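The structure appears below as structure tokens.
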Amino acid sequence: MESTRSQLRRREGLGEEQEKGVCGEGDVKTHRAPDLVQWTRHVEAVKTQFLEQAQAQLAELLDRAMWEAVQAYPQEDRPPPSTAPDTTRKTRELPHVRRKVFITRKSLLDELMEVQHFRTIYHMFIAGLCVLIISTLAIDFIDEGRLMLEFDLLIFSFGQLPLALMTWVPMFLSTLLVPYQTLRLWARPLAGSSWMLGAGLGCVLLAAHAAVLCVLPVHVAVKHQLPPASNCVLVFEQVRFLMKSYSFLRETVPGILCVRGKGTGAPSFSSYLYFLFCPTLIYRETYPRTPSIRWNYVAKNFAQALGCVLYACFILCRLCVPVFANMSREPFSTRALLLSVLHATGPGIFMLLLIFFAFLHCWLNAFAEMLRFGDRMFYRDWWNSTSFSNYYRTWNVVVHDWLYSYVYQDGLLLLGQRSRRAAMLGVFLMSAIVHEYIFCFVLGFFYPVMLMLFLVFGGLLNFTMNDRHTGPAWNVLMWTLLFLGQGIQVSLYCQEWYARRHCPLPQTTFWGLVTPRSWSCHP
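Just add 44 to wherever you are in the sequence shown, counting from 1, and you've got our numbering.
What follows is the structure in structure tokens.
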């Protein structure tokens, strides 16, 4: 009865509103406008909530499908019991040991480039390069009365490149022949002392191979005073060949030693040859492959890599050389050092982004496309990191996989499960030493800026800014520290570069080579 009365009251109220609407049209418009705004806001909120829920459910569905594929992959790829039973048994008994699984997937930037908004940001970087080139040409034409393209830095950096490529040939042949031949010697059937002789010969070959890779490029670089870009070719190939050789032997030797009495189990030479060129440092006998090669995609990536090199040269010529070329001629002061670091933050972060895009995206994707290599996850979304531990894992996935598999996990196997921090410290130590060696090789002098930033400050930030910290503020903090770190690197290395040219040593000594010249150079 009460509900019937309320319904009648609502109908009467509605009738009164309709009568008011007939009598006064202005009142209807006045009441409808707020209702329309509220209804629009409600629809927008529902739409946002629906999209968030759909995205979360889709991500969960894809993660579940990925996990099921990963779980099913080792069972399909597991060798038969007669091939390597002990190795697979050990892997099953140690749940913390995780093998890298390769699946067919695109690079993250290629997926993002399909979104128009992100493509516009990429176009903004291209427009910035065009404006930089136009302003450079215009300023030179106004000041000098002629166009000065200033490719001197580019020509100097890539000087003696043919010599570096000739040095690469014996490095490649040594990596191609020695590890595989050593594996074949170790895989020979047991027959008295013949296997011991072959195993000893294989160890000698590996020692000679390591000597070639470690000594030959250093000797050529020091003797002929190669410029930075040519040194980059040698040192990157040196480190890459050493890491690939170790991965090949680390992945195949345990199984070979288990079945050496049967004389079987050596992988095919073609799989090893493919591994030397494909963009990964983890050896597998087979990888997921794409159905065809898109040569326009290859050309596009190589063109973008070349554009990044030109972009970097313009940045150095216009933003760094005028500041640091004469800085060592002035007395050292804290004020000048601080100003130079702040001035170098912009060029430094641009150099970081250019190196990432040119090498980790363009260069590796070009080779992956030519070799039909399916797994293109060379990096993750490191720019969204809110912790340095996540940044180190996602910046360079190719190197991280190698360090995780052969330094961290093998360290846990040797030291035990309770030594995770020690294994992690070993990863940081090896990575910092190799990074410092690369900088020393490329620049031609020892100045442990990278060692201190990577090992000391990077290690502290890895343990303090860990994955427990989330939110936009932590991402802002990470980018701020990246800006400052890149500014310190660019500033100190540029100062040392020019100081060693303005103040050469009268007599070459060990302490003179390892002592920073920028601290005392005042010509």
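Don't be surprised by glycine CBs; every beta carbon is placed ideally from N, CA and C. No experiment lies behind these values; they were computed from the predicted model shown.
Best match in F280, R420 and H268 for proximity to R333 [C-alpha to C-alpha] = It is R420 whose Cα lies nearest to the Cα of R333.
key: DSSP-derived helix/strand/coil call for G460   = G460 falls in the coil class under three-state DSSP.
query = In chain order, what residues of the same chain have a beta carbon less than 7 Å from the beta carbon of F14, not counting five sequence neighbours either side?
reply = The structure shown does not extend to residue 14, since the chain is modelled only from 45 through 567, so no value can be given for it.
query = Can you name the start and end residues of the alpha helix (DSSP H) that I199 belongs to?
reply = For I199, the enclosing alpha helix (DSSP H) begins and ends at D196 to S201.
task = Please work out which residues of its chain come closer than 6 Å, Cβ to Cβ, to G531, disregarding the five sequence neighbours upstream and downstream, and give them in chain order.
result = Cβ within range, chain order: V385, A388, T389 and G392.
task = Return the residue from the list L536, C538, L505 and Y537 that minimises the CA-CA distance to W523.
result = Taking only the C-alpha atoms, the option nearest W523 is L505.
request  = Determine the burial state of N434: buried for a count of at least 16 other Cβ atoms within 10 Å of its Cβ, exposed for fewer.
outcome  = Classification for N434: buried.
query = Taking the alpha helix (DSSP H) that W15 falls in, what are its first and last residues?
reply = Limits of the chain in this structure are 45 at one end and 567 at the other, which puts residue 15 out of reach.
key: Alpha-carbon to alpha-carbon, L197 and S377   = Answer to the nearest angstrom: the Cα atoms are 28 Å apart.
message = Going by beta-carbon coordinates alone, are S562 and H405 separated by less than 8 Å?
response = H405 sits away from S562, with the two beta carbons spaced by 8 Å or more.
key: Distance between L257 and T219 (C-alpha atoms, nearest Å)   = Roughly 8 Å separates the two Cα atoms.
Bridge partners - F417, DSSP secondary structure assignment = R333, per the DSSP bridge assignment.
query = Which two residues bound the contiguous alpha helix (DSSP H) that contains D154?
reply = L152 to L156 is the span of the alpha helix (DSSP H), which, as asked, contains D154.
query = Between L39 and R437, what straight-line distance do the alpha-carbon atoms span, to the nearest angstrom?
reply = In the structure displayed, the chain extends from 45 to 567; residue 39 sits before or after that span and is not available.
inquiry  = Let me check understanding here. Comparing Cα to Cα, which of M496, V342, M468 and R462 lies closest to I477?
reply    = The residue from M496, V342, M468 and R462 with its alpha-carbon nearest to that of I477 is M496.
message = Any contact between the stretch 399 to 418 and the stretch 466 to 477? By contact I mean 3 or more CB pairs, one from each, below 8 Å.
response = No, the stretch 399 to 418 does not touch the stretch 466 to 477.
inquiry  = Given this structure, state the Cα-to-Cα distance separating F577 from R379, to the nearest angstrom.
reply    = The displayed coordinates of the chain run from 45 to 567. Any statement about residue 577 would go beyond what the structure contains.
request  = Find out if the Cβ-Cβ distance for the pair T211, V264 is shorter than 8 Å.
outcome  = The Cβ atoms of T211 and V264 lie closer than 8 Å to each other.
task = State the CB to CB distance for the pair T180 and R362, rounded to an integer number of angstroms; the pair is presumed to be in contact (CB under 8 Å).
result = That pair is a contact at about 6 Å.
query = So does the stretch 321 to 330 actually touch the stretch 504 to 520, counting three or more Cβ pairs closer than 8 Å?
reply = Touching, no.
inquiry  = DSSP has R149 in a bridge; who is on the other side?
reply    = R149 has D419 as its beta-bridge partners, per DSSP.
Per-residue DSSP class, three states only, for G168 = Note that residue 168 corresponds to Met in the displayed sequence, not to Gly. Of the three classes helix, strand and coil, the one that applies to M168 here is helix, per DSSP.
task = Helix, strand or coil for Q551, going by three-state DSSP, please let me know.
result = Three-state result, Q551: coil.
inquiry  = Please classify T226 as buried or exposed, where buried requires at least 16 other C-beta atoms within 10 Å of its C-beta.
reply    = Taking all protein chains shown into account, T226 has 16 or more neighbouring C-beta atoms within 10 Å of its C-beta and is therefore buried.
message = Once DSSP output is grouped into helix, strand and coil, what is the label at R338?
response = DSSP places R338 in coil when its eight states are reduced to three.
query = Pick from G244, Y316, F185 and P323: whose alpha carbon is nearest that of V443?
reply = The residue with the shortest Cα to Cα distance from V443 is P323.
key: Buried or exposed by the 16-neighbour rule on C-beta atoms within 10 Å, applied to K288   = Label assigned to K288: buried.
request  = Determine, using beta carbons only, whether C538 and C364 come nearer to each other than 8 Å.
outcome  = Yes, the Cβ-Cβ distance between C538 and C364 is below 8 Å.
query = Are S291 and L325 closer than 8 Å when you measure CB to CB?
reply = Taking 8 Å as the cut-off, the beta carbon of S291 is found closer than this to the beta carbon of L325.
task = Would you tell me roughly how many angstroms separate the C-alpha atoms of V259 and Y355, rounded to the nearest one?
result = Distance between the alpha carbons of V259 and Y355 is about 33 Å.
ask   = Under a three-way DSSP split, which group does F489 fall into?
value = Here F489 sits in coil by DSSP.
ask   = DSSP three-state call for L181: helix, strand or coil?
value = Correct three-state label for L181: helix.
Buried versus exposed, by CB contacts within 10 Å (16 or more), M240 = Exposed, because fewer than 16 other Cβ atoms sit within 10 Å of the Cβ of M240.
query = Can the beta-carbon of T514 be found less than 8 Å from the beta-carbon of T430?
reply = Cβ distance < 8 Å, so T514 and T430 count as in contact.
query = In chain order, what residues of the same chain have a beta carbon less than 6 Å from the beta carbon of V222, not counting five sequence neighbours either side?
reply = Spatial neighbours of V222 in its own chain (CB-CB distance under 6 Å, excluding positions within 5 residues in sequence) are listed in chain order as L249 and H253.
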